[in-house]
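Data first, discussion second: the structure below is written as structure tokens.
Protein chains in written order, with our numbering: chain A, 1 to 216; chain B, 217 to 432.
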């Protein structure tokens with residue numbers, strides 16, 4: 001029987017993540033790890049940003065799912081370069097999976113690489129993939145109490161994106177509550193209020209990301 | 217450094233789960249493990265069933281969250297006996313946590329014990345808690361493609377509850393797609409289409425659960 005300690009796995013992951021980061025920087029690609037619940041709007045956000053980000057070379061996506069290729073197929077149908085990782089039941093992406101998947105792309109061809117993590121507000125937060133920054137999505141139907149309930153992911157992200165804001169009139173969701181809870185946990189992270197349906201907030205995220213990529 | 221193997225942990229969990237199950241049966245309490253994404257409607261479903269299930273003694277809830285007591289407070293405010301487990305960052309409940317939490321309840325006082333797992337469609341699926349049956353929730357805003365994307369949880373549950381069905385007119389969500397995908401994976405599990413807002417489907421689940429409890 002093979003015995004491995006959790007601490008050792010995480011240390012090995014951090015080393016691989018650093019290797020990924022060096023490779024991404026050398027290729028001049030800015031890498032964004034997108035986290036959120038199942039059905040929170042991760043793929044839709046990436047599609048919306050594809051139309052708004054300044055793209056000189058190209059934009060690619062690494063898709064993480066337990067099984068299937070639904071999201072990668074969906075992106076490919078829109079002409080977006082997509083590589084699917086099938087985690088085969090594992091609840092998060094790790095740096096090793098991303099290393100393998102990123103070797104399926106010619107990184108030099110891209111300005112932007114989005115990594116869409118497995119739909120899960122918990123486990124992905126513990127794994128550095130070598131990204132430049134991490135976005136966490138919170139969709140209006142999920143409720144405004146999630147910052148308190150899932151602190152790790154909200155603490156470790158550089159921005160919070162509220163999605164499906166067009167549904168705000170139909171839900172008891174207070175954007176101000178999210179901002180308040182986040183202020184205690186992660187005061188420097190901006191909160192973007194967005195709807196892919198109406199286009200609200202997408203331009204603001206695109207501008208913020210473009211600034212972040214320039215300032216790297 | 218302490219070294220533990222994943223396989224060994226799961227085996228120890230299964231043993232503890234069996235102990236829980238014996239204790240629950242001896243006390244005559246029927247135990248339901250409720251799984252679903254963050255904000256999928258788990259607490260709301262338990263509240264709705266509280267008004268519909270045949271209750272001779274009482275109904276209690278063990279609440280699992282990474283942090284905070286939001287849901288336990290909410291249930292307690294409605295007069296429902298609730299014990300909170302704070303997993304402190306862990307992505308699922310395990311049999312040991314449930315063993316400890318259930319000792320805070322006088323089990324003989326209850327017909328029904330609901331265990332509301334951490335909001336997560338992935339990890340909780342791997343951990344037997346000693347429950348009689350497992351329900352998985354899928355809310356309409358999450359999308360109808362989740363059975364394929366998160367097969368383990370849908371395969372290991374005894375019923376699938378579609379929640380927030382009052383939102384069906386606003387989303388491209390095909391209930392039939394969920395049924396079809398489930399037929400391949402878990403053909404014996406019924407699919408209930410429900411809305412806590414309109415009350416749709418709640419009576420049907422209550423009847424189904426009452427039958428399951430009688431037939432145990």
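We treat Cβ as the ideally placed atom computed from N, Cα and C, and that holds for glycine.
Within 9 Å (strictly less), CB to CB, does residue i reach chain B?
{"i": "residue 167 of chain A", "result": "yes"}
{"i": "residue 207 of chain A", "result": "no"}
{"i": "residue 149 of chain A", "result": "yes"}
{"i": "residue 201 of chain A", "result": "no"}
{"i": "residue 152 of chain A", "result": "yes"}
{"i": "residue 176 of chain A", "result": "no"}
{"i": "residue 141 of chain A", "result": "yes"}
{"i": "residue 164 of chain A", "result": "yes"}
{"i": "residue 170 of chain A", "result": "yes"}
With a Cβ-Cβ cutoff of 9 Å, do residue i and residue j count as a contact?
{"i": "residue 64 of chain A", "j": "residue 117 of chain A", "result": "yes"}
{"i": "residue 76 of chain A", "j": "residue 58 of chain A", "result": "no"}
{"i": "residue 151 of chain A", "j": "residue 255 of chain B", "result": "no"}
{"i": "residue 196 of chain A", "j": "residue 202 of chain A", "result": "yes"}
{"i": "residue 135 of chain A", "j": "residue 161 of chain A", "result": "yes"}
{"i": "residue 165 of chain A", "j": "residue 131 of chain A", "result": "no"}
{"i": "residue 104 of chain A", "j": "residue 29 of chain A", "result": "no"}
{"i": "residue 408 of chain B", "j": "residue 375 of chain B", "result": "yes"}
{"i": "residue 393 of chain B", "j": "residue 360 of chain B", "result": "yes"}
{"i": "residue 328 of chain B", "j": "residue 421 of chain B", "result": "no"}
{"i": "residue 86 of chain A", "j": "residue 67 of chain A", "result": "yes"}
{"i": "residue 340 of chain B", "j": "residue 363 of chain B", "result": "no"}
{"i": "residue 262 of chain B", "j": "residue 330 of chain B", "result": "yes"}
Quick one: give me the first and last residue of the alpha helix (DSSP H) that residue i is part of.
{"i": "residue 351 of chain B", "result": "That residue, residue 351 of chain B, is in no alpha helix (DSSP H); its beta strand (DSSP E) goes 349 to 355."}
{"i": "residue 154 of chain A", "result": "151 to 155"}
{"i": "residue 261 of chain B", "result": "258 to 266"}
{"i": "residue 98 of chain A", "result": "95 to 102"}
{"i": "residue 384 of chain B", "result": "No alpha helix (DSSP H) contains residue 384 of chain B, which DSSP labels as neither H nor E."}
Hey, does residue i have any beta-carbon neighbour from chain A nearer than 9 Å?
{"i": "residue 255 of chain B", "result": "yes"}
{"i": "residue 361 of chain B", "result": "yes"}
{"i": "residue 432 of chain B", "result": "no"}
{"i": "residue 406 of chain B", "result": "no"}
{"i": "residue 376 of chain B", "result": "no"}
Starting from residue i, trace the beta strand (DSSP E) both ways and give me its first and last residue.
{"i": "residue 378 of chain B", "result": "375 to 379"}
{"i": "residue 302 of chain B", "result": "297 to 302"}
{"i": "residue 60 of chain A", "result": "59 to 65"}
{"i": "residue 35 of chain A", "result": "30 to 35"}
Exercise for the section: Give the residues from the region 57 to 76 of chain A that approach chain B closer than 9 Å (Cβ to any Cβ), ordered along the chain. Expected result: Correct list: 65, 66, 67, 68, 70, 71.
Exercise for the section: Report yes or no: do three or more beta-carbon pairs, one from the region 268 to 278 of chain B and one from the region 89 to 98 of chain A, lie closer than 8 Å? Expected result: Here the region 268 to 278 of chain B makes no contact with the region 89 to 98 of chain A; the two share fewer than three CB pairs at distances below 8 Å.
Handout entry: Within 9 Å of chain B by C-beta, residues of the region 112 to 123 of chain A in sequence order
Key = Cβ contacts with chain B: 118, 119, 120, 121, 122, 123.
Exercise for the section: Could you name the residues of the region 300 to 323 of chain B whose beta carbon sits closer than 7 Å to any beta carbon of chain A, in the order they occur along the chain? Expected result: Within the region 300 to 323 of chain B, the residues whose Cβ lies closer than 7 Å to some Cβ of chain A are 305, 307, listed in chain order.
Problem - Interface positions of the region 8 to 42 of chain A facing chain B (Cβ-Cβ less than 7 Å), listed along the chain - result: Flagged, chain order: 37, 38, 39.
Problem - the region 111 to 127 of chain A / the region 32 to 47 of chain A touching (three or more Cβ pairs under 8 Å) - result: Touching, yes, given that three or more Cβ pairs across the two stretches are closer than 8 Å.
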